[in-house]
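K.L.:
Take a look at the following structure, please.
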Amino acid sequence: MEVTRVRGLSGLSLTPSLPPRRRFHATLAKKKDNESQQPLRISNSTLARAAIGVFGLGFIDAGYSGDWSRIGVITPQNEEFLRLAAFLVVPICVLFIFRVPKEPDY
18 MEVTRVRGLS GLSLTPSLPP RRRFHATLAK KKDNESQQPL RISNSTLARA AIGVFGLGFI
78 DAGYSGDWSR IGVITPQNEE FLRLAAFLVV PICVLFIFRV PKEPDY
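Structural data, given as structure tokens:
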């Protein structure tokens, strides 16, 4: 990779594909009115359901995969405890997923 010398603050140009004195054109920060794109809107209840589901899946992963104790993140005793706790936590998470009130979708 060829590094070109440029006089300035950095001293080196780390973009070998561009000439060092190339000028860039100004761009608009706002979108034009004819380019209307709907933002991604997700209701709070959907986000809450997803977070509860990930929490429950985390107990299943930590308790049954064996990876966490193998790499030393948790002890085998903690893994056994998480495996037993998953029997309580996962049904509660499923209950909470269905009990979260629905909000109208956007």
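Sequential numbering from 18 applies to the sequence shown in the numbering used here.
We put the CB at the ideal spot given by N, CA and C, even for glycine.
As a quick exercise: from T92, P118, K119, L112, pick the residue whose alpha carbon is nearest that of F72.
P.N.:
L112
K.L.:
Taking the CB atoms as reference points, tell me whether V107 and A65 lie closer together than 7 angstroms.
P.N.:
Result no, Cβ atoms of V107 and A65 do not sit closer than 7 angstroms.
K.L.:
Count the other CB atoms, across all protein chains shown, that sit within 10 Å of the CB of A43; report buried if there are 16 or more and exposed otherwise.
P.N.:
exposed
K.L.:
Excluding the 5 residues preceding and the 5 following A79 in the sequence, name in chain order all residues of the same chain whose CB lies nearer than 6 angstroms to its CB.
P.N.:
W85, L99
K.L.:
Is A125 near I69, with beta carbons less than 7 angstroms apart?
P.N.:
No statement about residue 125 is possible, as the shown extent of the chain runs from 18 to 123 and does not include it.
K.L.:
Mark E120 as exposed unless 16 or more other C-beta atoms lie within 10 angstroms of its C-beta, in which case mark it buried.
P.N.:
When all chains shown are included, E120 counts as exposed.
K.L.:
Might you give, ordered along the chain, the residues of its own chain that have their beta carbon closer than 8 angstroms to the beta carbon of Y81, omitting 5 neighbours on each side?
P.N.:
R100, A103
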